[in-house]
Each structure stands twice: as C-alpha cells, then as structure tokens.
Amino acid sequence: MTMSQKTNIYRQLFRADMYQLFSIGLDTPTPNNQQTLHRIVSDLRGVTTWPIPEADYQALSAWLQKLIETLKQSRIRDLLDEHHRLFLTQAVCPFSEGSYHLAERGPILGDISAFYQAFHLRPGEMTGPPDSLKTELAFMHFM
37 MTMSQKTNIY RQLFRADMYQ LFSIGLDTPT PNNQQTLHRI VSDLRGVTTW PIPEADYQAL
97 SAWLQKLIET LKQSRIRDLL DEHHRLFLTQ AVCPFSEGSY HLAERGPILG DISAFYQAFH
157 LRPGEMTGPP DSLKTELAFM HFM
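In this note's numbering, the protein residues as written are 37 to 179.
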C-alpha cells in the first residue's frame, strides 16, 4: 500500500469519526452518549498521523481538549436542559432539515427515507426524524 493510499484511508476514517462525534453531540444527552463522546475524543486525541495540515491539527487538538474538559465538568441534567432549550422548546436551532424549507416536510422526509433505504439503512431504527441533523450525520459516518 502506498503512502498516498494510507493517507486517503486515514482521511476517510478521520472524517467518519468527526461525523460520528457531531451526530452523537447533537443527540439527546445521556450517560451512554457522554461516554461515547469521551471515547471518540480520546481516540482522536491519540491519533499520531493526522490527515490534516499542522495548523488545523493544533486548533482541532485544542478544541478536543476543551470538549473533554467540558464533558468531565457537565452534568447530564444540565446538558439535557440545554438540548431541550436549543432544539425543542424554543427551537433556537431546529435540528431537522425540513424546518428550513418553506414547503411541506412530507416530500423531504420521503426523499431522505428513500435515500437511506437505497443504502440498506432503516431510519426507523434511529431515534428522531430521518431529516434530523444527528441522523444525517450518522448516515455520513456510515458512508
């Protein structure tokens, strides 16, 4: 295997980990999700060959360190309250793609569900609507 092929593999695995990190980060906070986030961040911080430029690595490493510290200091109840405030009660940040379109959500949900099925995924097995950011990011992680 050439160095270029190895770099491409590292880049794809790194991208998959980042998609999973963001997907779980947008999911409803639970102790299991918090442990998974901590594991992913710890794994990413342990990478010795980064498929990104050095300057980007320095910024990402600092962000991952801050994320680890925040996870250690945060209580699930506080995270859950903030998640509900942002995404559910006040909808400061709607997490469903269909929320950003003026059209009906039905056709959008149908298109996205058909897309998942084409890749043999069943959105019904995932929590939340198929057009939610966390579900779409989980799909990108899968890809």
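Virtual Cβ for every residue (Gly too), placed ideally from N, Cα, C.
What you are looking at is a predicted structure, and each value in this text was computed from that prediction instead of being measured.
**Prompt:** Residues in its own chain within less than 7 Å of LEU124 by CB, not counting five upstream and five downstream?
**Reply:** Sequence-distant Cβ neighbours of LEU124 in its own chain, meaning closer than 7 Å and more than five residues away, do not exist here.
*asked:* Just to confirm before moving on: does the CB-CB distance between HIS137 and PRO65 stay below 7 Å?
replied: No, the pair does not count as a contact, with Cβ atoms beyond the cut-off.
Can you grab the Cα-Cα spacing for the pair MET37 / ARG51, in whole Å? Rounded to the nearest whole angstrom, the C-alpha separation of MET37 and ARG51 is 20 Å.
- Task: Pair every Cβ in the stretch 144-154 with every Cβ in the stretch 39-50, then say whether three or more of these pairs are closer than 8 Å.
- Result: Output reads no: the stretch 39-50 does not touch the stretch 144-154.
(message) If contacts are defined as beta-carbon pairs under 8 Å, then LEU96 and HIS74 qualify, I think. What distance do you get, rounded to the angstrom?
(response) For a cut-off of 8 Å, the C-beta gap from LEU96 to HIS74 is around 17 Å, too long to register as a contact.
Please report the straight-line C-alpha distance between LEU122 and ILE60, rounded to a whole angstrom. For LEU122 and ILE60, the distance between alpha carbons rounds to 15 Å.
Check your understanding: Would SER132 be called buried (16 or more neighbouring beta carbons within 10 Å of its own) or exposed?
Key -> Its Cβ being crowded by 16 or more others within 10 Å, SER132 is buried.
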